[in-house]
Amino acid sequence: MGGPIVEARGLHKHFGALHVLKGVDLRVAERELVFIIGPSGSGKSTLLRCLNRLEEPSSGSVVVDGIDMLDPRTDINHARQRIGMVFQSFNLYPHMTALGNVTLALRKVAGKSRATADALGRAALERVGLADRAGHTPGQLSGGQQQRVAIARAIALEPRVMLFDEPTSALDPELVGSVLAVMRSLRESGMTMIVVSHEMGFARNAADRVLFMDAGAIVEEGAPEAIFERPVHERTRAFISQIQRH
Amino acid sequence: MSNWTRFVETFLNTTVMRRYLPDILAGVAVTIELALLVVVTGIAAGLALALLRSLGIRPLNWLIVGVVDLFRSLPPLVVIVLIYFGLPSVDLSPSGFVSTWLSLALVLMAFAEEIFWAGITSVAKGQWEAARSTGLSFGQALVSVVLPQALRLTIPPLTNRTIAITKGTALGSVVAVTEILGQASSAMSNSYNPSPLMLGAAAYLVLFFPVVVAGRWVETRFAWKR
Chain A
-10 MGGPIVEARG LHKHFGALHV LKGVDLRVAE RELVFIIGPS GSGKSTLLRC LNRLEEPSSG
50 SVVVDGIDML DPRTDINHAR QRIGMVFQSF NLYPHMTALG NVTLALRKVA GKSRATADAL
110 GRAALERVGL ADRAGHTPGQ LSGGQQQRVA IARAIALEPR VMLFDEPTSA LDPELVGSVL
170 AVMRSLRESG MTMIVVSHEM GFARNAADRV LFMDAGAIVE EGAPEAIFER PVHERTRAFI
230 SQIQRH
Chain B
22 MSNWTRFVET FLNTTVMRRY LPDILAGVAV TIELALLVVV TGIAAGLALA LLRSLGIRPL
82 NWLIVGVVDL FRSLPPLVVI VLIYFGLPSV DLSPSGFVST WLSLALVLMA FAEEIFWAGI
142 TSVAKGQWEA ARSTGLSFGQ ALVSVVLPQA LRLTIPPLTN RTIAITKGTA LGSVVAVTEI
202 LGQASSAMSN SYNPSPLMLG AAAYLVLFFP VVVAGRWVET RFAWKR
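Chains as they are written, first to last, in the numbering used here: chain A, -10 to 235; chain B, 22 to 247.
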């Protein structure tokens, strides 16, 4: 493992009077898989969204792959190609086919020709096991398949980091496995991943590190076994016992 | 003479109709020309305003909303009269044709802007975020992701509004535009017989019925499978 590929320091985020992030520091090494857990409203998603500046941090710094994300001189659209993001609600473009979804940014942002973009797009769909669904529109795909297309859309740009914002929360239980399988294979290919999720089983056998966030701060972090079996903080313990009851 | 013959004599008088048919047809040409101009410029201007509004520049948006609300509240006839009789006082003398075109285009622009804007804002925020997260610029996300979805949503209300306002070309008869209604009314005064008006009504039907049907077709054609 090299130096940090993602480094956030002193991140604060206010939404009006609401103080959502209260000085968060996050360092993620290359090829690391970091899991972020915490109660709803704890700031996990906001933290993730500050990393690719979908959310503008109120203060602090974010450096991804050597690029200062908050520097006004940074070409944010160029920088975002290196940071893939997968959303809870998939957010596929409903008016395009699966292949269209995957190739849009390849053509518009990466400047690939249609033929090259199509080839790269098909390869990305192949990686998520959906090569045969290239011509389907999102409406013709199951939730699990849609989320895998969304993952293909992100990895087609060959990002250095992937952000997952509750990727399985909107899925029926029987469809979760297929998405986790894709995430696992992505991890095995050496992708750096930051995952906000409550899939404990996945966290246990795939995560390098688990962060527990509460009230806008990272309360505790450590190896999965440590966080899940021997949480130090009272709030972590309460949260873990609560989600394990379900 | 039975009631029916009297009715036919009065409203469906073939001799009168035949005599004034060329006038009505000339009116059809003017109506088509006027309608096309209104639709193209009105919708284009409405879309342009909606796109400007999506940039989120506050003072500009107040201005856009002000103009749009103004033209949505004024009856089109009032706008026509204001332009036709009002502009000469600032040394501009638009013809009846130009006055009608401008007025209806401004009214259609106002309604189209609101419809396009509603379409743009109804596209889920996640669509913007997904597009921007892959590096698309605001403009690229708008053009490739948001607008295609917004436009589909706008087709039914926009079709209705466009038809309603385009029929307002008949208001041009008030400022001496020789469109269908103008031709029909002068033919009626000249012949002392309302048959040309029936001819005019038939012309409007022939003109707008296909548009209404086409609108319906476009609506089904552009609805995408969910």
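Just so it is clear, CB atoms sit at the ideal spot from N, CA and C, and this is done for glycine as well.
**Request:** Alpha carbon to alpha carbon, how far is B/A151 from B/V167? Give it in angstroms, no decimals.
**Result:** Here the question's residue 167 of chain B lines up with position 146 in the second sequence. Here the question's residue 151 of chain B lines up with position 130 in the second sequence. Answer to the nearest angstrom: the Cα atoms are 11 Å apart.
**Asked** Mapping DSSP to helix, strand and coil, what is B/K188?
**Response** Stepping through the second sequence from its first residue, residue 188 of chain B is reached at position 167. Here B/K188 sits in helix by DSSP.
**Asked** Taking any Cβ of chain B, which residues in the segment 53 to 83 of chain A have a Cβ under 7 Å from it, in chain order?
**Response** N66, H67, R69, Q70, M74, F76, S78, N80, Y82, P83
**Request:** Pull up the CB-CB distance for A/E155 and A/Q77, whole angstroms please, since I reckon it's below 8 Å.
**Result:** Numbered from 1 along the first sequence, position 166 holds the residue referred to as residue 155 of chain A. Numbered from 1 along the first sequence, position 88 holds the residue referred to as residue 77 of chain A. Between A/Q77 and A/E155 the Cβ distance is about 4 Å, and since that is below 8 Å, they are a contact.
**Request:** Leaving aside the five residues before and after B/I141 along the sequence, list all residues of the same chain whose C-beta is less than 7 Å from its C-beta, in chain order.
**Result:** Locating residue 141 of chain B in the second sequence gives position 120, counting from the first residue. The beta carbon of B/I141 lies closer than 7 Å to those of A71, S75, V167, A171 in the same chain, with the five residues before and after it left out.
**Message:** Assuming the contact rule is C-beta atoms closer than 8 Å, A/A206 and A/K11 should be a hit. Round their C-beta distance to whole Å, please.
**Reply:** Sequence index remark: in the first sequence, residue 206 of chain A carries index 217 (1-based). Sequence index remark: in the first sequence, residue 11 of chain A carries index 22 (1-based). Between A/K11 and A/A206 the Cβ distance is about 5 Å, and since that is below 8 Å, they are a contact.
**Request:** Express the C-alpha separation of A/A159 and B/V132 in angstroms, rounding to a whole number.
**Result:** Position 111 of the second sequence, counting from 1, holds the residue named residue 132 of chain B. Position 170 of the first sequence, counting from 1, holds the residue named residue 159 of chain A. Looking at the sequence itself, residue 132 of chain B is Phe, so the reference to Val does not match. If I take the Cα positions, the gap works out to 37 Å.
**Request:** Could you check the C-alpha separation between B/N214 and B/L202 for me, to the nearest Å?
**Result:** Against the second sequence, residue 214 of chain B aligns to sequence position 193. Against the second sequence, residue 202 of chain B aligns to sequence position 181. Their Cα atoms are separated by approximately 15 Å.
**Request:** Please compile the residues from chain A whose C-beta is within a distance smaller than 9 Å of the C-beta of B/E150.
**Result:** Taking the second sequence and counting its residues from 1, one reaches residue 150 of chain B at position 129. Per Cβ cutoff of 9 Å: R38, L43, M74, F76, N80.
**Request:** Anything in chain B within Cβ reach of A/L93, meaning under 8 Å, just list it in chain order.
**Result:** Your numbering for residue 93 of chain A matches position 104 in the first sequence. Those within 8 Å of A/L93 in chain B are A152, T155, L157, S165, V166.
**Prompt:** Can you tell me the Cα-Cα spacing of A/G(-8) and A/R116, whole angstroms?
**Reply:** By one-based count along the first sequence, residue -8 of chain A stands at place 3. By one-based count along the first sequence, residue 116 of chain A stands at place 127. Whole-angstrom Cα-Cα distance: 28 Å.
**Item:** Alpha carbon of B/L242 to alpha carbon of B/G236, nearest angstrom
**Value:** Taking the first residue of the second sequence as position 1, residue 242 of chain B is located at position 221. Taking the first residue of the second sequence as position 1, residue 236 of chain B is located at position 215. According to the sequence shown, residue 242 of chain B is Arg rather than Leu. B/G236 has its alpha-carbon roughly 10 Å from the corresponding atom of B/R242.
**Prompt:** Helix, strand or coil: which one does DSSP assign to A/P148?
**Reply:** If you number the first sequence from 1, residue 148 of chain A lands on position 159. Looking at A/P148 - three-state DSSP - the assignment turns out to be coil, as it is neither helix nor strand.
**Close Cβ partners of B/I64 (< 6 Å) along its chain, the five nearest in sequence each way excluded** = Here residue 64 of chain B is taken as the residue at index 43 of the second sequence, counted from 1. Around B/I64: A133.
**A/A113 beta carbon less than 7 Å from that of A/A68** = What you label residue 68 of chain A is simply residue 79 of the first sequence in a count that begins at 1. What you label residue 113 of chain A is simply residue 124 of the first sequence in a count that begins at 1. No.
**Message:** Beta-carbon within less than 6 Å of B/P109's beta-carbon, same chain only, minus the 5 sequence neighbours each way: which residues are those?
**Reply:** To locate residue 109 of chain B, count along the second sequence from 1; it is residue 88. Scanning its chain for C-beta atoms nearer than 6 Å, with the 5 sequence neighbours on each side dropped, one finds no residue around B/P109.
**Asked** So, using beta-carbon positions, are A/F201 and A/E188 closer together than 7 Å?
**Response** Taking the first sequence and counting its residues from 1, one reaches residue 201 of chain A at position 212. Taking the first sequence and counting its residues from 1, one reaches residue 188 of chain A at position 199. The answer is no: Cβ separation not under 7 Å.
**Message:** Which residues in chain B have a C-beta closer than 9 Å to the C-beta of A/V98? List them in chain order.
**Reply:** Start at 1 with the first residue of the first sequence, and residue 98 of chain A comes out as number 109. By Cβ distance, chain B contributes T155, G156, L157, S158, Q161.
**Request:** Using three-state DSSP, classify B/P217 as helix, strand or coil.
**Result:** The residue you call residue 217 of chain B lines up with position 196 of the second sequence. Three-state DSSP puts B/P217 in a helix.
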